[in-house]
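Trainee: Order-wise, the sequence lines are chains A and B.
Counting from 2, one number per residue, gives the positions in the first sequence under the numbering used here.
Counting from 7, one number per residue, gives the positions in the second sequence under the numbering used here.
Dropping a structure here in structure tokens format, bear with me for questions.
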Amino acid sequence: MSQDILVTGKPGKPGKPGKAAGGDFGRLGDRRKYIPVLATASLLVAMFTVGGIRYEGFASGQVVLNVFIDNAFLLVVAVGMTFVILTGGIDLSVGSVVALSTMISASLVTGQGWPPLLVIPLVLLIGAVLGFVMGCMIHYFEIQPFIVTLAGMFLARGLCYTIGTDSIPITDETYTALAQARIDLPGDMFVSPSVVIALAVVAVAAYVLHYTRLGRNVYATGGSEQSALLMGLPVARTKIAVYTVSGFCSALGGVLLSLYMLSGYGLHAVGMELDAIAAVVIGGTLLTGGSGYLLGTVLGVLVLGLIQTVISFEGTLSSWWTKIFIGLLLFVFILLQRLISARRT
Amino acid sequence: MTAPTGDAPVTSPPRNPRAGRPAAALRHRLFWPALVLALLLLANLLFTPGFLSVEMKDGHLYGSLIDIFRFGAPLILVATGMTLVIATGGIDLSVGSVVAISGALSCLWVSGLADQQSAGGVLAAVGLALGLSLALGVWNGFLVSGIGIQPIIATLILMVAGRGLAQLITDGQIVTVNSDPYKLIGGGYWLTLPFGVLIAAAVLAVTAFLTRRLALGLLIESVGGNATASRLAGLRSRGLIVTVYAFCALCAGIAGLMISSNVSSADGNNAGLWIELDAILAVVIGGTSLAGGRFSLGGTVIGALIIQTLTTTIYSIGIPPETTLLFKALVVTVVCLLQSAAFREKAFHLRRRRPGAAPASADEKVRVPA
């Protein structure tokens with residue numbers, strides 16, 4: 002696990018003295034890194050238990066699966082965001098790219114009659130290219146990721162409105178068939194194909210992050226870009242790659258959203274970048290980069306989805322309580338992370 | 007963008023080999039943003055010949071230029087506060103929510119008055135809203151300096167929860183008020199000028215005095231340069247950071263009053279939506295580095311004016327509103343690229359080979375963003 006060496010070897014967060022050189026260093030320290038993820042997991046279990054006790058029909062497998070079904074696109078987008086945040090960057094353009102993808106799909110499929118099998122790869126390509134260009138601007142021209150992706154956000158939203166200001170319905174057979182398809186599971190439960198796609202993305206991303214060279218480069222770049230550069234790691238390639246991955250994931254999220262909504266609209270996914278960032282933070286990934294797990298992001302998305310489920314089960318709570326709860330949760334988790342990292346040093 | 011754009015007299019010679027050349031004006035921090043603003047105004051003049059004319063009607067000044075200032079006043083205010091926060095190396099994402107909360111609270115208070123025209127009641131509402139804004143700013147500052155949370159996340163909490171709070175205050179409704187004194191704040195005129203512009207100018211003047219005539223600006227910049235070193239040098243970094251966030255929230259609160267007063271209603275969901283992004287953009291366009299350590303209030307004002315002029319231009323030239331964002335993205339990209347020293351060197355081949363290669367290579371290494 003050389004990636005662990007990179008993470009614990011970060012400046013300012015040294016392992017216990019005397020253990021750094023040993024082969025089994027930081028066993029105790031390593032386990033602390035899992036605390037945020039474990040905290041998110043226990044919160045999820047607690048929320049589900051309380052919900053199950055309070056509301057009739059809450060404690061069923063289908064409720065959990067529905068959270069997946071309703072948040073498959075957010076899950077995919079948050080996976081891309083995790084890559085970016087692990088390198089210490091940020092991508093504000095994801096929500097707009099999602100909207101742009103739904104808009105392009107809808108206008109090409111409904112307006113031009115293009116076959117979906119051609120449109121979907123094209124949309125994914127556009128998302129990846131947008132991410133690639135932003136990554137290049139960030140790396141080669143040394144402009145802050147915040148500003149570059151902000152411009153990307155304006156650009157993608159602007160392109161949406163240029164295509165059309167109204168919602169375009171998608172009536173194509175392939176899309177409707179995919180949208181209505183149910184994959185039956187034992188026990189009268191089902192998921193949509195979107196969930197399968199999202200879980201596949203999570204699996205691939207987890208493999209890339211934890212078992213490939215690119216993944217280790219991502220952690221190293223986020224830990225300390227200068228050290229990574231001095232170690233001879235391809236920082237430029239890594240940084241551009243993560244924004245490309247994020248663009249691709251946003252486009253894929255857009256495709257899933259167009260399946261979910263069966264329409265393309267410039268106002269889809271407004272503020273989704275905040276949801277994605279919140280999911281990543283609640284999942285225990287540090288916004289400074291270099292530390293975090295993809296599993297945490299998945300749990301973060303589930304927590305956000307479960308909050309909405311609880312509020313809809315409660316019935317009397319207004320929608321703005323969602324925002325207040327998410328804000329409170331963010332606060333608690335950030336405080337927790339802060340306490341853990343303070344104890345480590 | 008850790009490397010400065012090379013303007014201030016304190017910059018050491020090896021880092022800015024071109025200082026003192028005839029092209030010194032080109033190197034000035036405000037040159038590129040001012041050029042963009044001038045070009046934008048020129049473009050307007052070409053499309054609308056009477057664009058720059060200002061006329062007097064009913065004792066008020068009217069004209070596109072006045073409109074730019076009038077509608078840009080809230081953005082200038084928010085961006086002023088944001089400049090100081092960014093100068094300490096922080097960022098405040100919560101200003102949009104504070105705008106919404108301040109507008110919601112004051113409108114709710116005014117709408118509950120027996121006599122909405124009473125100046126005392128309106129003043130109480132203003133005081134209440136600004137007090138709450140200050141408290142929210144202190145909360146942000148406490149999270150950043152007291153607990154030591156990264157500014158972008160610390161203020162993200164209030165950004166997300168604040169919208170919910172604003173809607174909680176207005177109960178999800180749009181609160182409308184019918185009060186002349188309240189209307190004055192954002193929509194009224196005083197001494198022939200829009201009152202909002204005067205407020206923004208006053209806040210700006212006080213800020214400029216406090217930061218540039220007193221030592222406060224230097225202290226803020228040194229905290230932004232290195233908070234630990236500043237503390238060891240005897241500065242009260244924590245207190246300064248809390249002050250700066252409180253000031254930023256106060257500015258946002260005033261902007262919230264203006265925005266809600268201009269339309270005589272408070273919308274917890276949409277008031278000040280994305281103003282934080284515009285404000286950060288204004289600061290960056292104005293040449294203040296997001297890395298902190300130095301700031302330019304003049305640049306921020308120019309940046310805010312560029313953004314507002316852009317919006318006005320889009321309406322006056324007759325660019326279809328659908329492409330507004332596209333146009334904005336284009337201008338933002340161009341301005342940021344022009345601001346980027348790395349881009350200028352690569353695009354215009356400005357980098358000259360100098361005999362003493364050592365400083366140049368040292369410069370190269372320094373510039374790697376950590």
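Virtual Cβ for every residue (Gly too), placed ideally from N, Cα, C.
#1: Does DSSP put M190(A) in a helix, in a strand, or in coil?
#2: For W196(B), does the count of other Cβ atoms within 10 angstroms reach 16, so buried, or fall short, so exposed?
#3: In the DSSP output, what is I180(B) paired with across the bridge?
#4: Quick check on Y188(B): buried or exposed, where buried means 16 or more other Cβ atoms within 10 Å of its Cβ?
#5: Since G78(B) contacts A221(B) with CB under 8 Å, what's their CB separation in whole angstroms?
#6: Please report whether the beta-carbon of L282(A) lies at a distance below 8 Å from any beta-carbon of chain B.
#7: Any idea what DSSP makes of F34(A), helix, strand or coil?
#8: For G58(A), tell me which candidate among F314(A), R339(A) and F326(A) has the shortest Cα-Cα distance.
#9: Quick one: does G223(A) have its CB under 8 Å from some CB of chain B?
#10: On the DSSP bridge list, what partners appear for I169(A)?
#11: Determine whether the beta carbon atoms of T319(B) and A85(B) lie at a separation below 8 Å.
#12: Cβ of K334(B) less than 8 Å from any chain A Cβ?
#13: Does DSSP put Q338(A) in a helix, in a strand, or in coil?
#14: Anything in the stretch 33-46 of chain B with a Cβ closer than 9 Å to a Cβ of chain A? List those residues in chain order, please.
#15: Just the C-alpha distance for T182(B) and S270(B), rounded to the nearest angstrom, thanks.
#16: Check whether the Cβ atoms of F133(A) and T245(A) lie closer than 8 Å to each other.
#17: Using a Cβ cut-off of 9 Å, pull out every chain A residue sitting near G4(B), in sequence order please.
#18: For A129(A), which of L296(A), S319(A) and G248(A) has the nearest alpha-carbon?
#19: Express the C-alpha separation of S266(B) and T213(B) in angstroms, rounding to a whole number.
#20: What is the C-beta distance between G114(A) and L331(B), in whole angstroms, given that I count them as a contact (C-beta under 8 Å)?
#21: Determine the direct distance from the alpha carbon of S108(B) to that of L142(B), and round the result to whole angstroms.
#22: Where does G27(A) fall in DSSP's three states?
#23: Going by beta-carbon coordinates alone, are V105(B) and S185(B) separated by less than 8 Å?
#24: Find the residues of chain B that neighbour I325(A), judging by a C-beta separation of less than 8 Å, and give them in chain order.
#25: At which residues does the alpha helix (DSSP H) containing Y251(B) begin and terminate?
#26: Taking the straight line between their C-alpha atoms, what separation do you get for G265(A) and L210(A)?
#27: Quick check on DSSP: helix, strand or coil for Y68(B)?
#28: Using a Cβ-Cβ cutoff of less than 6 Å, which residues in the same chain neighbour A211(B) once the five nearest sequence positions on both sides are dropped?
#29: Quick one: does I308(A) have its CB under 8 Å from some CB of chain B?
#30: Can you check which of these residues, I308(A), P170(A) and G254(A), is closest to P194(A) by C-alpha distance?
#31: What residues in the stretch 307-334 of chain B bring their beta carbon closer than 9 Å to a beta carbon of chain A?
#32: Which word fits D62(B), buried or exposed, when buried means at least 16 other C-beta atoms lie within 10 angstroms of its C-beta?
#33: Buried or exposed: where does M232(A) fall if 16 or more other Cβ atoms within 10 Å of its Cβ makes it buried?
#34: Which of the three DSSP states, helix, strand or coil, is assigned to L199(B)?
#35: Is the beta carbon of Q314(B) sitting closer than 8 Å to the one on I74(B)?
#36: Quick check: is the beta carbon of T166(A) nearer than 8 Å to any beta carbon in chain B?
Mentor: Reading off the structure:
#1: strand
#2: exposed
#3: D273(B)
#4: buried
#5: Rounded, the Cβ-Cβ distance is 30 Å, inconsistent with contact.
#6: Just to set this straight, residue 282(A) is Val in the shown sequence, not Leu. Answer yes: the Cβ-Cβ gap between V282(A) and chain B drops below 8 Å somewhere.
#7: Contrary to the premise, residue 34(A) reads as Lys rather than Phe in this sequence. Three-state result, K34(A): coil.
#8: F314(A)
#9: no
#10: G265(A)
#11: no
#12: yes
#13: helix
#14: none
#15: 6 Å
#16: yes
#17: Past the boundaries of the shown model lies residue 4(B); chain B is included only from 7 to 376, so the question cannot be answered.
#18: G248(A)
#19: 24 Å
#20: At roughly 28 Å, the Cβ-Cβ gap does not stay under 8 Å, so G114(A) and L331(B) are not in contact.
#21: 10 Å
#22: Because the pLDDT at G27(A) is just 44, under 50, the model does not fix this residue reliably, and the value given afterwards should be weighed accordingly. If DSSP states are grouped into helix, strand and coil, G27(A) belongs with coil.
#23: no
#24: A167, G170, L171 and L174
#25: S243 to N268
#26: 32 Å
#27: strand
#28: none
#29: no
#30: G254(A)
#31: P326, P327, E328, T329, T330, L331, L332, F333 and K334
#32: First, the amino acid is wrong: residue 62(B) is Met here, not Asp. Exposed is the call here.
#33: exposed
#34: strand
#35: yes
#36: yes
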